[in-house]
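Asker: The structure that follows is given in the form of structure tokens.
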DNA sequence: TTGACATGAAAAACCGTTTTAGCTAATGTG
DNA sequence: CACATTAGCTAAAACGGTTTTTCATGTCAA
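Residue numbers (the working numbering), protein chains in the order written: chain A, 340 to 681; chain B, 340 to 681.
Next comes the structure, spelled out in structure tokens:
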């Protein structure tokens, strides 16, 4: 590593004091320095390839320009990348870098990892979960600027951002209604999480808005994976008067619905329309025909979380926490069509 | 944020000098301090909840305990999480934290991002690619300890780790042979990347080892996605004497093969055996029946890269770069069976 | 001519830690 | 007993920046 060039080297080369160099480069007290000197110093710094040592300036300014991203299940969650990327882009745009931490395994580990983050003097922490949930914040984070990503806090003491589950389901179901379907099945998840309840609510509201009576028999549930939906879908589609469309809790379950349809000899979308949630390219783009689905706004939520965090850090007054909801856009592929018997 | 407790506070509370505190806590010059004092200082530090400021110690030691992870396409690559997690686990075990950076978009951005990393005084950089490739290292990284992850350098100047493509393919194909198949199709990728050539080579070697003559007509190619394999598989399986098994370039292409089989009325695994590469849980676990496939060792490669990087950082002599290859274990699900006509 | 004020630049203090160089008192050696 | 060694501890000097304070000019009004 070539001996780093420091502010002293620049000062020497430019024939001025280190103070002047600092003032010339950071626009802080710009008034105290002549334009000519500033330009001179800047060109010398550029020529020398000077880059400030963030450790040193962070030490003095009590600001590291580091943000911790604490998450769970990064490895097994396909949208993790989008959330991370959104967070990272926002951080970079505002001059910060992201420090990643995955603590899926145990709370003890999470504690120690968070304290490692704090030792590195992170300016704040984005506490991310890989699916929308309601959580309590680890005690280590009290007093540290924090924003929740894809989660809400049990007590509304910190800002958070989550997708609007109800609206996503409502839009999905309405699109089926608009295509002409009147008998729409819902393959739901079994877990007791906000998405499960929110999407059921949205399903019911969309039906109500369209003047279709809610039929509990059309709602079935399974584990949130392909095989969980397969059995449920087979059951639903084998009935004498089967639904003409299925709204699935997520894309994986929609994959199971495809398999059930295939087993029963139903063509998608001619005989059966299917819509999912998640917009997992791997599945939605890989299925045949492509799956129409609601995209979860992970990238946008990641951006929002970091931006909000930096806002709160940079203006420590006005710290009223904000609970944000993001809309889920629909991504049309080829799995929705009008029902045959219309 | 409660006023942080620093080494001075500990010194004051313990009635000793800051020097003594530093010595008592870091075992460095332990000989110079009495056991009694050390214990006393430690208990006081513990009681006060003292945690050292890594920025300050990094400044002094010229060691930040930060590692940069530069990657591309994190958002769109399903294995990204595994690589990141492996890297992060290894880093954490050795007292470091990871700083993430995704520079998929453009080289100019990558340059600036890497320089941001260097300003934060990272101890080294893991330069990761999301699929096995041969690359040149960005100029900004010369002189910075670097290890390549899932990539090899054009000139062998830095250590690197990649999966053993040839061996993975050989094992996959051999397992089909062992199941009794003699006519095995290979649906390859079109891109000119090491995986494409390596897996073809492994396919040919496995056939040769088994005394089966290589038939170029059994090798077809398409874009590395489900639809790319679908057409290729339909063509291959519609021939009068069709292969009884398909080795697919990756799991997405295997998904296309499933679709082709379904369209042609072939049951998996009774009428057709399929094997993939990647072990994408989303696909391999979601398909019906489950897909037998070769797992790419992303987690292990991530760990290795960070450990190797820290080894090189911690013993700057002995910097002979190492080119490492990782084996790919087979994950059996339900897509391979003996051929019917045996 | 002198005091008030503006401007530009240098010097010093500071951030929290580690390391170097001393200092003191106790111990060992002849 | 004189002297060297060493154990145990501490003050002070880094580390590389930023911020604050101080100082040296120059300008202008009274």
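All C-beta atoms, glycine included, are put in the ideal place defined by N, C-alpha and C. These numbers were taken from a predicted model, which means no experiment stands behind them.
From residue 349(A) to residue 378(A), what does the alpha carbon distance come to, in whole angstroms?
Answerer: Straight-line Cα distance between these residues: approximately 13 Å.
Asker: How about residue 349(B): is its C-beta nearer than 7 Å to some C-beta of chain A?
Answerer: With 7 Å as the cut-off, residue 349(B) does not count as an interface residue toward chain A.
Asker: Below 7 Å between beta carbons is the criterion; list the residues of the region 420 to 439 of chain B that meet it against any residue of chain A, in chain order.
Answerer: Per Cβ criterion, the list reads 420, 421, 423, 424, 427, 431, 436, 437, 438 and 439.
Asker: Check whether chain A comes within 7 Å of residue 441(B), counting only Cβ atoms and requiring the distance to be less than that.
Answerer: Taking Cβ atoms only, chain A reaches closer than 7 Å to residue 441(B), which makes this a yes.
Asker: What's the gap between the Cα of residue 346(B) and the Cα of residue 452(A)?
Answerer: Whole-angstrom Cα-Cα distance: 21 Å.
Asker: Excluding sequence positions up to five away, which residues of its chain have a Cβ less than 6 Å from the Cβ of residue 603(A)?
Answerer: Here the set comprises 576.
Asker: Any beta carbon from chain B within less than 7 Å of residue 413(A)'s own beta carbon?
Answerer: Closer than 7 Å to some Cβ of chain B, the Cβ of residue 413(A) qualifies, so yes.
Asker: Please report the Cβ distance between residue 404(B) and residue 366(B), rounded to the nearest whole angstrom; I am assuming they are in contact, meaning their Cβ atoms lie under 8 Å.
Answerer: Contact doesn't hold; Cβ gap of about 17 Å is too wide.
Asker: Would you mind listing the beta strand (DSSP E) stretches within the region 430 to 498 of chain A that are 3+ residues and don't spill past its ends, in chain order?
Answerer: Correct list: 436 to 441, 463 to 474 and 485 to 492.
Asker: Flag residue 393(B) as yes if its beta-carbon sits less than 7 Å from any beta-carbon of chain A, otherwise no.
Answerer: True, the Cβ-Cβ gap to chain A drops below 7 Å.
Asker: Could you compute how far the alpha carbon of residue 679(A) sits from the alpha carbon of residue 554(A)?
Answerer: Taking the straight line joining both Cα atoms gives about 21 Å.
Asker: Can you tell me whether residue 608(B) is buried or exposed? The criterion is at least 16 other CB atoms within 10 Å of its CB, across all chains shown.
Answerer: With 16 or more Cβ atoms within 10 Å of its Cβ, residue 608(B) is classed as buried.
Asker: Using DSSP with H/G/I as helix, E/B as strand and the rest coil, what is residue 678(B)?
Answerer: The answer is coil: DSSP assigns residue 678(B) none of H, G, I, E or B.
Asker: Would you call residue 504(A) buried or exposed, if buried means 16 or more other Cβ atoms sit within 10 Å of its Cβ?
Answerer: Buried, since its Cβ has 16 or more Cβ neighbours within 10 Å.
Asker: Excluding the 5 residues preceding and the 5 following residue 436(A) in the sequence, name in chain order all residues of the same chain whose CB lies nearer than 8 Å to its CB.
Answerer: Excluding positions up to five away in sequence, the list reads 404, 405, 406 and 430.
Asker: Identify whether residue 598(A) lies in helix, strand or coil by the three-state DSSP scheme.
Answerer: Reduced to three states, the DSSP call for residue 598(A) is helix.
Asker: Could you say if the region 607 to 626 of chain B and the region 640 to 651 of chain B meet the contact criterion of at least three C-beta pairs nearer than 8 Å?
Answerer: Touching, no, given that fewer than three Cβ pairs across the two stretches are closer than 8 Å.
Asker: In angstroms, rounded to a whole number, what distance separates the CA positions of residue 391(B) and residue 661(A)?
Answerer: Computed Cα separation, rounded: 33 Å.
Asker: Looking at chain A, is there any beta carbon in it that lies within less than 7 Å of the beta carbon of residue 621(B)?
Answerer: By this cut-off, residue 621(B) is an interface position.
Asker: With 7 Å as the threshold, decide whether the Cβ of residue 402(B) is near any Cβ in chain A.
Answerer: Chain A contact via Cβ: absent.
Asker: Threshold first: 3 residues or longer. Then list the beta strand (DSSP E) segments lying entirely within the region 503 to 562 of chain B, N to C.
Answerer: List check, beta strand (DSSP E) in window: 523 to 528 and 558 to 561.
Asker: Keeping to the same chain, check which residues put their C-beta closer than 8 Å to that of residue 670(B); ignore five residues upstream and five downstream.
Answerer: Answer for residue 670(B): 618, 623, 631, 632, 633 and 634, listed in chain order.
Asker: Measuring only between beta-carbons, confirm whether residue 469(B) sits less than 7 Å from chain A.
Answerer: Answer no: the Cβ-Cβ gap between residue 469(B) and chain A never drops below 7 Å.
Asker: Rounded to whole angstroms, what's the CA-CA distance from residue 485(A) to residue 652(A)? Just pull it up for me.
Answerer: Cα-Cα distance, rounded: 9 Å.
Asker: Can you tell me whether residue 603(B) is helix, strand or coil according to DSSP?
Answerer: Residue 603(B): helix per DSSP, three-state reduction.
Asker: Spell out the partners DSSP gives residue 662(A) in its beta bridges.
Answerer: Residue 662(A) is bridged to 499(A).
Asker: What are the residues of the region 568 to 580 of chain A that lie near chain B, defined by any Cβ-Cβ distance shorter than 7 Å?
Answerer: Cβ contacts with chain B: 569.
Asker: Can you name, in chain order, every residue of its own chain whose Cβ lies under 7 Å from the Cβ of residue 681(A), other than the five neighbours on each side?
Answerer: Note that residue 681(A) has pLDDT 46, beneath the 50 cutoff, so the model's placement of it is unreliable and no number is given.
Asker: By DSSP, does residue 630(A) sit in helix, in strand, or in coil?
Answerer: If DSSP states are grouped into helix, strand and coil, residue 630(A) belongs with coil.
Asker: Under a Cβ-count criterion, where at least 16 other Cβ atoms within 10 Å of its own Cβ denotes burial, should residue 354(B) be classed as buried or exposed?
Answerer: Result: exposed.
Asker: If we cut at 7 Å on Cβ distances, does residue 643(B) have a partner in chain A?
Answerer: Taking Cβ atoms only, chain A never reaches closer than 7 Å to residue 643(B), which makes this a no.
Asker: Quick check: what's the CA-CA separation for residue 500(A) versus residue 439(B)?
Answerer: C-alpha separation (whole angstroms): 22 Å.
Asker: Any idea what DSSP makes of residue 615(B), helix, strand or coil?
Answerer: If DSSP states are grouped into helix, strand and coil, residue 615(B) belongs with the strands.
Asker: Does DSSP put residue 355(B) in a helix, a strand or coil?
Answerer: In this structure, residue 355(B) counts as coil in the three-state DSSP scheme.
Asker: Let me see if you follow: with CB-CB separation under 7 Å, is residue 340(B) close to chain A or not?
Answerer: Low per-residue confidence applies at residue 340(B): pLDDT is 43, beneath 50, and the placement is therefore not dependable, though the value from the model is reported in the following sentence. Chain A, which has a Cβ nearer than 7 Å to the Cβ of residue 340(B), makes this yes.
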